[in-house]
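Every position in the sequence shown, counted from 1, becomes a number in my numbering once 840 is added. This report concerns only the one structure given below.
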Amino acid sequence: MSITVGDAYMSAVDPKIVVILPSPLMARNFLQTDALQILTRDMHAAVTVISPNPDDRETAARYGAIWYPYFHPRRSHGDGPYGAISWIARMTRYMRYLAGLFIHMCLTYRINTISDFQGFKTRLRQSWHLRKTYLREGLPMSKIFGFPFSRCRGIYHFLYRLYYSRWQSFAPVEKLLSELQPDLIILSMLQTHMITPYALAARHLKIRVLGINGSWDQPTTKGPICPGIERIVVQNDIVLKELVRYHHFPAEKISIIGWLQMDAFSQINTIGREELSQRIGLPSPQRFILFAANAPRLGLHEPVVFRQLAALAAAGAFGDDVVLLCRCHPQDRQWEARWGWARNLKNVVLEAPELGPLDHLASLISHASVVIASAGSINLDAIALDTPTIGLAWEDASLPYHNRHARAYDLEHLAELRTSSGIAIVHDMDELTAACKRYLANRTEDASERAALRQRYLYLLDGQAATRLVNEARKMLA
């Protein structure tokens, strides 16, 4: 017996697995590990990948999987007719999706308030100009989302039941999963609105779900865990405890596997310095400081900081053999306006944003003398590769206290890093300059403290996180 779905031919004796990756970054971190290859080769699974990036089709096909685009309520047509009627149907569907987003934002506001997260409180005290940016990204940075009685658990549970009812189901998602008939869904980013149609379809169709925690910050910044998740795999013991404490998910149903993207860091043969220099136009004999820029929301201060740092480098503050490399954030759509001017600076190399291979990122970090970043996970990438790293907790006295970037380190997942010597937390240009000089003079400085952070945050850096993930899937299908 066999079935045909799209262009794929699936044997009925093979386990059928659907992997749902809602964001381009999550898709990259999954698809550039061995997870897909192990699923198709070792488990002989018929795998379908669902992600937003059409380029992932080629990657999926390389390992014998098929690919479908991620559902978007405004762009997904389904089987209906085109024209005015189809447009009205899509817009009606989109309005229903946005209404769900509003309720999800209310849930996120309330779970953050009930959990008493300090980082959330700090963000609510920021100016309206900053909070508007968060709102555009679906974060509930207005007290309207907590009205009335934001700490009332009864209202929270009512909204939870309302939100995760069938009205947030969407026919194209249900139809696809009904056709695929998977034995298991691997679902990432479990606390976000975008996965709700898939979670509800899985529950309705009685499909088992293995969840992947999206990132180290999500248990203490995002919304509730969607219903119907049988097991969850997480990065480390910190995330496990947060899911138990704040989301009441049973500890015995959580497994620690490590960071999927860190597999690539431990397995690759780092690109040689000469090849790296040719790729990005870096003077090969010179050392470089990697300035890993954040997205605009978290990096408003960075262009000013970088301009001052570049002036110091041009004046020889770090030595004649040091270049600044500015890596634009892969999802910075405003990068040309924010960073284009840096191309003309002396001793500066600008790398345009690209969601490229992880071996390139690992090579940048490995060959850098020091990595500078603002409250980003790339600081952990540097720690994984034992490269000195600096966190910009900028205290700009010209800004209101709660608008200063240093307040990002009030967020629960970053708070512990403020007291560690494994990452140099700096608050102004004098501290940044001193930290750069210290690490340029001795790259092994603070190595033991970085090792402690690796053990605390990064679990086992053995290149086997993907294998552990697949083993969890295997156990669920046994």
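Where is the CB? At the ideal position from N, CA and C, for every residue including glycine. Predicted model only: the values in this text are computed from it and were never measured.
- Of the other Cβ atoms in all chains shown, fewer than 16 fall within 10 Å of the Cβ of Gly1159; this residue is therefore exposed.
- The residue among Leu1016, Arg1183 and His1207 with its C-alpha nearest the C-alpha of Glu1115 is His1207.
- Scanning the region 990-1041 for uninterrupted beta strand (DSSP E) segments of 3 residues or longer gives 1024-1028, listed from N- to C-terminal end.
- Ile890 sits in a strand when the DSSP states are folded into three classes.
- Judged by DSSP secondary structure, Lys1277 falls within the alpha helix (DSSP H) whose first and last residues are Met1269 to Ala1281.
- CA-CA distance, Pro1240 to Arg1247, rounds to 11 Å.
- When DSSP assignments are scanned along the region 1118-1181, the uninterrupted stretches of alpha helix (DSSP H) that are 4 or more residues long and fall wholly within it turn out to be 1142-1154 and 1175-1179.
- In this chain, the beta strand (DSSP E) harbouring Tyr908 covers Ile906 to Pro909.
- In its chain, beyond the 5 residues on either side, Pro1136 and Arg1137 have a beta carbon closer than 8 Å to the beta carbon of Thr973.
- Non-local beta-carbon contacts of Met866 in its own chain, meaning distances under 7 Å to residues more than five positions away in sequence, involve Ser1028, Met1029 and Gly1054 in chain order.
- Annotation: the continuous alpha helix (DSSP H) that includes Ser1203 extends over Leu1198 to His1207.
- Checking the DSSP bridge columns, you'll see Gly1051 partnered with Leu1027 and Ile1072.
- Leu1024 and Asn1076 have their C-alpha atoms spaced approximately 24 Å apart.
- Under the Cβ criterion (8 Å, minimum of three pairs), the region 1059-1067 does not count as touching the region 906-915.
- Beta-bridge annotation (DSSP): Glu1289 is not paired with any residue.
- Rounded to the nearest whole angstrom, the C-alpha separation of Leu1298 and Gly1098 is 6 Å.
- Pro1012 and Asn1184 have their C-alpha atoms spaced approximately 49 Å apart.
- 7 Å or more divides the Cβ of Thr888 from the Cβ of Ile860.
- Annotation: Ile984 to Arg950 spans about 11 Å, alpha carbon to alpha carbon.
- Bridge partners of Glu1191 according to DSSP: Arg1167.
- Short of 7 Å from the beta carbon of Leu1020, and not among the five residues preceding or following it, lie these beta carbons of its own chain, in chain order: Val845, Lys856, Val858 and Thr888.
- With respect to the C-alpha of Arg963, the residue from Glu898, Lys1277 and Leu1251 having the closest C-alpha is Leu1251.
- Here the C-alpha atom of Trp1007 lies approximately 32 Å from the C-alpha atom of Ala900.
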